[in-house]
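Numbering follows the numbering used here, in which position 2 of the sequence shown is assigned residue number 2; successive positions increment by one, without gaps.
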Amino acid sequence: MNIEEKVFRHYPSAKTGADITENYLNLLEKEDKTDLKKMLFATSVCSDDVNVSTDFRRVLSRPFTMGGLGGLPYSGFTGMVAFSHHIPDGGDAFIFYGPHVGITEEGELGRMIRIGQKRLTNSCGALMLALERFQKGDDADTYVPQSVYYDYQQVQLEHSLMPFKYEISTSENPKKAITDFTYLTIDTQIKKLVKMSLREFQCERIFLLGGVIINTSEKFNDYVDVRNFDVIDAKNAKQFEPISILELVAFQNL
Ligand SMILES: [Zn+2]
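Spelled out as structure tokens, the structure:
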């Protein structure tokens, strides 16, 4: 069984990072008629150096970095407003977000071999640490890191996932479950922050692309399991109703 079959066993709809990059940039340019040169790109993905599998940076300049450990948008309301103010005149906004999870050549989720290494390490390390603390029980000493002040992103990540602790711990594959719940958490937070900041956006559209990044070892492609693609009308500040384009033929043929 090759690595793709192993990935598909967990994420049947996943596509390679390179395909996702090409497909979505094409979609934005051809279907949505956006000018990629004027598009401001933001990410809310984990700080982990492994997260370069989608290569939007190759085409889109910058990004504005919203994410930290686990991929949560720690830059918050201030960050979203700053991002909204930086969009080039006549351009659009594009935010790519989501957690990441490693996969071994044997198909085990939550671990991977990193570039230049022979040993397996956790991916996402922050999520696997959160999971270990969840599985150790309710003892506050095992849950709360020694120094909150020096580890606030990890603390915030674990606090955000606490409502799902039981479901994560008792699921068939807790490593997959914690990744999925982190996706939902990031998705909720990004949309909430966009809603809060909507009046600040001077552009016409905000594109939101969310998914789970699946990290393989160096010799294979990384994958992305896309979970959401929304086009938000930034001029309609009275309500926040993302226009889903999931039904579009062009989307289905990606
Ligand atoms: Zn990570």
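We treat Cβ as the ideally placed atom computed from N, Cα and C, and that holds for glycine.
Only a predicted model underlies this, so the values are computations on that prediction, with no experimental measurement involved.
Residue environment for R119: exposed (fewer than 16 other C-beta atoms within 10 angstroms of its C-beta). Of Y74, F94 and E4, the smallest CA-CA separation from D230 is found for F94. Ranking T185, C203, S13 and M128 by CA distance to the CA of H85 puts C203 first. The C-alpha of A130 lies about 22 Å from the C-alpha of G210. Per DSSP, G210 is one residue of the beta strand (DSSP E) stretching across R205 to N215.
Within the region 77 to 141, the runs of beta strand (DSSP E) that reach at least 3 residues and sit entirely inside it are, in chain order, 93 to 97, 100 to 102, 111 to 113 and 120 to 122. Your pair V7 and Y166 does not check out as a contact, with CB atoms roughly 28 Å apart and the cut at 8 Å. Annotation: the continuous beta strand (DSSP E) that includes R227 extends over Y223 to D233. Ranked by Cα distance from E108, the options N228, N215 and N253 are led by N215.
L161: member of the alpha helix (DSSP H) spanning Y152 to L161, first to last residue. Here S197 really is in contact with F77; their C-beta atoms are around 7 Å apart, less than 8 Å. From the listed residues L127, N51, S44 and G90, the smallest Cα separation to T34 is found for G90. Rounded to the nearest angstrom, the gap between the Cα atoms of G137 and Q154 is 17 Å. Remark: the shortest separation between the CB of L129 and any heavy atom of ligand 1 does not fall under 7 Å.
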